[in-house]
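Okay, structure first, notes after.
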Amino acid sequence: MSVRSASVLYDVPGPRARRRYLVAGVLGTLGIAGLLWWVVATLADQGQFDGALWESFEYNTVQQRILDGVLATLKAFGLAAAGSLLLGVLLAAGRLSDHRPVRAVSTAVVQFFRAMPLVIMIFALYQAVFTAEPMWGLVVGLTLYNGAVQAEIIRSGINAVPRGQGEAAYALGLRKTQVMSLVLVPQSVRAMLPAIIGQLVVTLKDTSLGYIITYPELLFVGKWIASNSDGYPYIPVVLVITPIYIAMCLALSGLARWIESRGRRGANRRGASAA
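What the sequence shown shows, in my numbering, is residues 121 to 395, in sequence order.
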């Protein structure tokens with residue numbers, strides 16, 4: 121067997137297969153291009169690309185509402201992120217507990233909130249408890265759902281540490297709390313960090329569900345702008361609101377990479393000083 125054929129996980133396609141792939145690729149590209157052309161043509165017929173639809177964004181009131189929407193989004197995200205991480209730590213500790221009733225209750229809570237559709241949970245909390253404070257309906261719903269997910273991430277990260285690390289710590293006479301806080305958690309943080317930050321990005325994007333309970337976050341503000349402008353400019357609104365969401369998510373991901381790189385450099389310095 122040649123080196124080239126041994127380096128792939130499937131048979132190398134022959135001339136006929138390559139022609140079929142080429143034809144399928146060309147047809148797929150043409151189909152996607154045709155669909156995009158139809159969408160753009162339909163929106164153009166509706167006047168969504170007219171320059172007059174952008175005039176709403178020239179008013180200071182609209183610009184201030186967008187800024188207020190961004191701040192409301194970040195406020196809800198900050199509270200939900202802190203709450204979900206705290207809840208995740210508590211539920212993960214419960215699932216790792218030596219006491220069977222604590223494990224059973226923690227497992228039931230995690231499985232319930234992971235299975236519950238987030239939009240239903242937020243709407244139910246708003247209607248039943250937080251009718252006068254829609255922000256807390258959104259924050260509590262995000263906290264419960266994402267806290268359950270973060271609990272599984274934390275539990276999996278701790279269980280991924282080699283068992284010999286914990287056994288060695290127990291052999292030295294450390295209690296379980298000391299083993300977790302001094303041995304297992306510090307080693308698992310670097311492995312858990314990308315998944316934790318990824319779930320925080322999901323939490324940030326899920327703040328847009330506040331729209332259904334009239335919380336004035338960014339998406340709700342975009343709907344307000346479109347509804348109070350001539351011609352219902354939903355394409356200009358999308359082109360303004362979407363980059364803001366993307367920028368916030370990219371900033372959060374960049375912060376995660378910075379924290380991870382600092383942790384890696386700190387570990388390397390400690391290793392070099394120990395050597």
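Just so it is clear, CB atoms sit at the ideal spot from N, CA and C, and this is done for glycine as well.
- The three-state secondary structure of residue 244, taken from DSSP, is helix.
- The beta carbon of residue 200 sits closer than 6 Å to the beta carbons of 259, 262, 263, 323 from its chain, once the five residues preceding and following it are set aside; these are given in chain order.
- In this structure, residue 192 sits near residue 335, with a CB-CB distance shorter than 9 Å.
- For residue 270, the three-state secondary structure derived from DSSP is helix.
- Bounds of the alpha helix (DSSP H) holding residue 187 are 180-215.
- Inter-segment contact for the stretch 179-198 and the stretch 339-349 is present: three or more beta-carbon pairs are separated by less than 8 Å.
- When Cβ pairs closer than 8 Å are counted between the two stretches, the stretch 275-287 is seen to touch the stretch 301-310, the count reaching three or more.
- For residue 290, the uninterrupted alpha helix (DSSP H) segment begins and ends at 283-291.
- In the same chain as residue 380, and ignoring 5 residues on each side of it, the C-beta atoms closer than 6 Å to its own belong to 313, in chain order.
- Taking 9 Å as the cut-off, the beta carbon of residue 271 is found closer than this to the beta carbon of residue 208.
- DSSP places residue 352 outside both helix and strand once states are collapsed to three, so it counts as coil.
- Below 8 Å, too few C-beta pairs join the stretch 228-235 and the stretch 163-182 to call them touching: fewer than three.
- Linking residue 325 to residue 255 through their CA atoms gives a straight-line distance of about 15 Å.
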